[in-house]
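Residue numbers (the numbering used here): 2 to 286.
Just so you know, even glycine gets a beta-carbon here, dropped at the ideal spot from N, CA and C.
Beneath this line is the structure, given in structure tokens, with notes to follow.
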Ligand code: SF4
């Protein structure tokens, strides 16, 4: 079957070995899985999030912190049954949730794995938001929490840094669908059980864009939790782009943070000291 799962609409026959923009055949490829403590507090909580990092990606972010699996496509091919076994193992290890990282291009296989074994802990769909509304509707009954990025407002920036000129118009529709389908619910200990957290990472010399992103979130998603990330570290091809070949400054951080506060957004804000490569998981055991 030809793949038109995401807005790239490659029409590639992934079952027959053809590859589209995401560079992945139809069979699931996973780079790493395990307990991960660097997510938002309501996600990591005590024992950590049970993260499963899927290989490949339908964006091409020049600064990707996970470029070894997204762009270089490292990982191991597994079956849907093996993925269901990983859900069970993570649950047995005490994971607070199952965190599907960059799952979209394997959406159908992931749903099949959840049908084989649905853990009793929340399932998180952790996405760059470059997705179609139909995929969001399709996965919604099988996941509890949507964790989308809203990376850019400007088409010039999204084209330059992620090769996706229409990123904002696509992502905003996808997030509207997520927002419509999930309502925030928390356990008494603060653990998120259902809902949506929208993430935005501040990039160097892009504070005006960040402010437009935050204003958009306030306008369309007033009840969503918002996670403002300051962990940007130049990696992968970032050294080829002078604008983003450094971390964000205190001034840039405070400018965006002040807007976050002024808008009355609610959620999580990373400290500026988060900008370190130690937040980047290592891949391939
Ligand atoms: S999921 Fe991959 S192959 Fe399918 S349309 Fe998107 S980028 Fe292309």
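| message | Can you tell me whether residue 279 is buried or exposed? The criterion is at least 16 other CB atoms within 10 Å of its CB, across all chains shown. | response | The pLDDT assigned to residue 279 is 45, lower than 50, so where the model puts this residue is not dependable; a value taken from the coordinates is nonetheless given after this. With fewer than 16 other Cβ atoms within 10 Å, it is exposed.
| said: With a threshold of 8 Å on Cβ separation, who are the neighbours of residue 101 within its own chain once the five nearest residues in sequence on each side are excluded? | reply: 53, 55, 111, 124, 125, 126, 127 and 144
| Supposed contact pair residue 172 and residue 131 - C-beta distance, whole angstroms, cut 8 Å | 6 Å
| said: Quick check on the burial criterion: 16 or more other C-beta atoms within 10 angstroms. Buried or exposed for residue 297? | reply: Lying before the first or after the last residue shown, residue 297 is absent from the chain, which here runs from 2 to 286.
| How is residue 25 classed by DSSP in three states: helix, strand or coil? | coil
| message | Bridge partners for residue 200 per DSSP, in chain order? | response | For residue 200, the beta-bridge partners assigned by DSSP are 150 and 228.
| task | Just the C-alpha distance for residue 174 and residue 62, rounded to the nearest angstrom, thanks. | result | 20 Å
| field | Own chain, CB closer than 6 Å to residue 214, minus 5 neighbours either side, in chain order | value | Within the same chain, Cβ atoms closer than 6 Å to the Cβ of residue 214 are found at 151, 154 and 201, the five residues on either side in sequence being excluded.
| From 3, 160 and 29, pick the residue whose C-alpha is nearest to that of residue 17; which is it? | 3
| task | Return yes when the C-beta of residue 4 is under 7 Å from any heavy atom of ligand 1, and no when it is not. | result | yes
| said: Considering only DSSP beta bridges, list what residue 101 is partnered with. | reply: 53 and 126
| task | Would you mind reading off the limits of the beta strand (DSSP E) that contains residue 91? | result | Note, residue 91: premise wrong, no beta strand (DSSP E); alpha helix (DSSP H) at 81–93.
| task | Sort 47, 6, 29 and 23 by Cα distance to residue 1 and report the nearest one. | result | Outside the shown range of the chain (2 to 286) lies residue 1, about which nothing can therefore be said.
| message | Tell me whether residue 187, by its Cβ, gets closer than 7 Å to a heavy atom of ligand 1. | response | no
| Looking at the C-beta of residue 206, does it have a partner C-beta in chain C at a distance below 8 Å? | Absence of chain C from the displayed structure is noted, only one protein chain being present.
| Going by C-alpha distance, which of 117, 27 and 133 is nearest residue 10? | 133
| request: Determine the direct distance from the alpha carbon of residue 243 to that of residue 227, and round the result to whole angstroms. | output: 29 Å
| Close-in-space but distant-in-sequence residues of the same chain around residue 273 (CB under 8 Å, 5 per side omitted) | 231, 249, 251 and 254
| task | Return the chain-ordered list of same chain residues with a C-beta closer than 7 Å to the C-beta of residue 23, the five sequence neighbours on each side being excluded. | result | 57, 58, 59 and 106
| request: Kindly indicate which three-state DSSP category residue 270 falls into: helix, strand or coil? | output: strand
| field | Host alpha helix (DSSP H) of residue 182 (start-end) | value | 168–182
| Looking only at C-alpha atoms, which of 157, 165, 235 and 206 sits nearest to residue 7? | For the residues 157, 165, 235 and 206, the minimum Cα distance to residue 7 belongs to 165.
| Over what stretch of residues does the beta strand (DSSP E) that includes residue 33 continue unbroken? | 30–37
| message | Please tell me whether, using a cut-off of 7 Å, the distance from the CB of residue 54 to the nearest non-hydrogen atom of ligand 1 is below it. | response | no
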